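Below you'll find the structure, written out as structure tokens, and then a few comments.
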Amino acid sequence: MTSPLRMFGRFTPVFYIFIPLVAITTLYTVLFRLDRPPRSHNLSLFPLPSSSGSLSASSFPALRNLCNETEWTEGLWLQCHNNVGPSKTSMRGGLSNLRNRMQTCVRLAISAGAGVIIPTFATRSDTDLMEYITEECPEGLFDTKLYQQSLSAACPQLNIRACKDTKGLDTTVDAKFRKYLEPSHSNDTFRALIDDTIAKSEVVSTRAEISKDRPVRILYGDPYLAWNYTAAGETEVKKELFRALRYNDKLSQLGGRVFDALRETVSGPVVAVHLRGEKDWPNSFGELGTQIDLYTQALLELRNNTLGGNDTATIKDVYVSCGNPDAIRKFEKRLEPLGYIVHDKTSLLSKHTKILDKIERLRFDEKAITEYDSLVSADYFMGILTSSLSAIVAYARTVDGDGDYFEEYIHPNTTRGNFVDRVFPDSPSVRGDGKTKLMVLTGADIMDCFP
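Following the UniProt record's numbering, the numbering of the sequence shown begins with 1 at its first residue and continues without gaps.
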């Protein structure tokens, strides 16, 4: 694994795609030698996968400034939830959506000038991903101890409690429940909502009545996509909140072993592809066949743009992450005649059966973390905007750059529909910079409020 203080570096229609690909296939039926040296595993990555130390206050200038400008109310607490789980105060969702709910709740608490209670997660059934059978504290997926340390360094005014710690917070007030497709908050709108909630409660009527000795806990749902960083002009705040929250260290170490196995197997540059072909993946989010067509076209264009001496190919290896092995094999059948070698975590760990067995015993969302390091660390990445994991990987690969990757490379010449909808005139297509690309299509684009 790399140093814990590293930073993440930078990394239409189908008809018109298929016919050119058939012709191109015949031109690439031979294998290509690699003559570009491998990229070092000593990469600058973020969020940091190791939990050996929190970041200092100097790592969070935008958050520190925001917290210094906030008017805080001692004794006021915010607990975000989804109204799920045995306690009805848990959050649900896949890995990336849980991350958004937890990160957004912190931003909302700062806006309200309140302390924050890190929530429990309703855990998903292994057989039915839409069934939430119990709840647990989030350290199984995230390094919550390090998260609290980093937040305390960034925002010392922010009081933090973890998980089910509501001792002494017996006075509760329910804020109006927000459905996730309802408008998000920015600037002072959430603080105004909290003030209105307090005024209409039968417990207290103003903030002045709340104190350390007379605390009030506000229950608020649903925090998913509830803060619009774009509307608030908070590009740097979003980056710093993202950097503060890291994945569970043990799971990240397993992910590091997958990437180590990849580097042991190949000697040249690697393109990582996040393919969505699971049975529960909606076709409206991007059909598997369309993904394969567009990724193949993008891979060929990338290879043509990176030819070495004597026009030899420098890119040959493709790492594919997908929850459906059959989808990986389908993609592999398309790529092999073109001279590509397809890898996945199962093939890479075939000689490391103990590690593979550990990964296979993990739950669905835990497995996603073991793929994360390879997707972020690869020389090149291709994903799909409608997948929150793809979006997070693209964000992580570019978070250390100036400005916002999505505003510069993904959103130009598009228009907004209702809230999360975005119209791409070239839908479906592939957009991005030279290292990080996303397949886009008209539909949901949550990046104003995400990660």
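Ideal Cβ placement from N, Cα and C applies to all residues, glycine included. Computed from a prediction, not measured in an experiment: that's the story for all the values here.
Bridge-paired residues (DSSP) for residue i
{"i": "D421", "result": "A444"}
{"i": "S252", "result": "Note: S252 sits in no beta bridge, so no partner."}
{"i": "L181", "result": "L181 pairs with nothing; no bridge assigned."}
{"i": "L438", "result": "G383 and R431"}
{"i": "I118", "result": "A162"}
{"i": "F142", "result": "Y247"}
{"i": "H274", "result": "S321"}
{"i": "V84", "result": "S90"}
{"i": "W227", "result": "H185"}
{"i": "T123", "result": "T134"}
{"i": "T415", "result": "V423"}
Expected contact under 8 Å - CB spacing of residue i and residue j to nearest Å
{"i": "V420", "j": "A444", "result": "5 Å"}
{"i": "R107", "j": "L300", "result": "The Cβ separation is near 41 Å, so there is no contact."}
{"i": "Y224", "j": "Y295", "result": "No, Y224 and Y295 are not in contact; Cβ-Cβ is about 28 Å, not under 8 Å."}
{"i": "L151", "j": "A62", "result": "With a Cβ gap of about 14 Å, L151 and A62 do not count as contacting."}
{"i": "L262", "j": "L385", "result": "Not a contact, Cβ separation roughly 25 Å."}
{"i": "W72", "j": "Q157", "result": "5 Å"}
{"i": "R124", "j": "D365", "result": "7 Å"}
{"i": "F60", "j": "A153", "result": "7 Å"}
{"i": "A378", "j": "V266", "result": "Not really, about 10 Å apart at Cβ, beyond 8 Å."}
{"i": "S201", "j": "V237", "result": "S201 to V237, Cβ: 29 Å. No contact."}
{"i": "G403", "j": "T127", "result": "Rounded, the Cβ-Cβ distance is 43 Å, inconsistent with contact."}
Delimiting residues of the beta strand (DSSP E) encompassing residue i
{"i": "I160", "result": "I160 to A162"}
{"i": "G168", "result": "Careful: G168 lies outside any beta strand (DSSP E) and carries neither H nor E."}
{"i": "C80", "result": "L76 to C80"}
{"i": "R217", "result": "V216 to Y220"}
{"i": "G289", "result": "Looking at the DSSP string, G289 is not in any beta strand (DSSP E); the run it does join, the alpha helix (DSSP H), is L288 to N305."}
{"i": "R431", "result": "S429 to G432"}
{"i": "Y319", "result": "D317 to S321"}
{"i": "E135", "result": "Y132 to E136"}
{"i": "T73", "result": "Segment: none, T73 is in no beta strand (DSSP E) and carries neither H nor E."}
{"i": "D174", "result": "T172 to D174"}
{"i": "I341", "result": "I341 to H343"}
Euclidean distance between Cα positions of residue i and residue j
{"i": "D280", "j": "E371", "result": "19 Å"}
{"i": "G339", "j": "K316", "result": "7 Å"}
{"i": "K435", "j": "M102", "result": "29 Å"}
{"i": "G268", "j": "E336", "result": "17 Å"}
{"i": "S184", "j": "Y132", "result": "26 Å"}
{"i": "S321", "j": "H274", "result": "5 Å"}
{"i": "D433", "j": "R178", "result": "36 Å"}
{"i": "W227", "j": "C80", "result": "13 Å"}
{"i": "K367", "j": "N100", "result": "18 Å"}
{"i": "P49", "j": "V203", "result": "Unreliable positioning characterises P49 in this predicted model, as indicated by a pLDDT of 38, which lies under 50. A coordinate reading is not provided."}
{"i": "S427", "j": "D293", "result": "13 Å"}
{"i": "D448", "j": "A114", "result": "24 Å"}
{"i": "N82", "j": "E69", "result": "29 Å"}
{"i": "G383", "j": "D143", "result": "25 Å"}
{"i": "A396", "j": "G85", "result": "30 Å"}
{"i": "H411", "j": "D249", "result": "33 Å"}
{"i": "D188", "j": "I118", "result": "22 Å"}
{"i": "R431", "j": "V399", "result": "17 Å"}
{"i": "T171", "j": "L251", "result": "37 Å"}
{"i": "E182", "j": "P282", "result": "22 Å"}
{"i": "K437", "j": "A57", "result": "32 Å"}
{"i": "Q253", "j": "A313", "result": "32 Å"}
C-beta contact flag for residue i and residue j at 8 Å
{"i": "A109", "j": "V116", "result": "yes"}
{"i": "S374", "j": "F259", "result": "yes"}
{"i": "D344", "j": "I328", "result": "yes"}
{"i": "L389", "j": "S96", "result": "yes"}
{"i": "E278", "j": "G233", "result": "no"}
{"i": "T104", "j": "C163", "result": "no"}
{"i": "A208", "j": "I194", "result": "no"}
{"i": "V216", "j": "G94", "result": "no"}
{"i": "L98", "j": "L141", "result": "yes"}
{"i": "A391", "j": "Y319", "result": "no"}
{"i": "L307", "j": "R246", "result": "no"}
{"i": "D291", "j": "M439", "result": "Residue 291 is actually Gln in this sequence, not Asp. A contact, by the Cβ cut-off of 8 Å."}
{"i": "A231", "j": "S186", "result": "yes"}
{"i": "residue 452", "j": "T346", "result": "No information on residue 452 is available, as it lies outside the stretch 1 to 451 that the chain covers here."}
{"i": "E139", "j": "S87", "result": "no"}
{"i": "T206", "j": "I218", "result": "no"}
Check: residue i C-beta below 7 Å from any heavy atom of the ligand NAP
{"i": "E139", "result": "Within the structure as shown, the ligand NAP is missing, as the structure has no ligands at all."}
Endpoints, alpha helix (DSSP H) assigned at residue i
{"i": "V393", "result": "S388 to T398"}
{"i": "A327", "result": "P325 to L335"}
{"i": "V204", "result": "Per DSSP, V204 belongs to no alpha helix (DSSP H) and is neither H nor E."}
{"i": "V106", "result": "L95 to A112"}
{"i": "L375", "result": "F364 to S377"}
{"i": "L356", "result": "T353 to E360"}
Interface flag, residue i vs chain D, CB-CB below 8 Å
{"i": "D213", "result": "Within the model displayed, chain D is absent; a lone protein chain is all it includes."}
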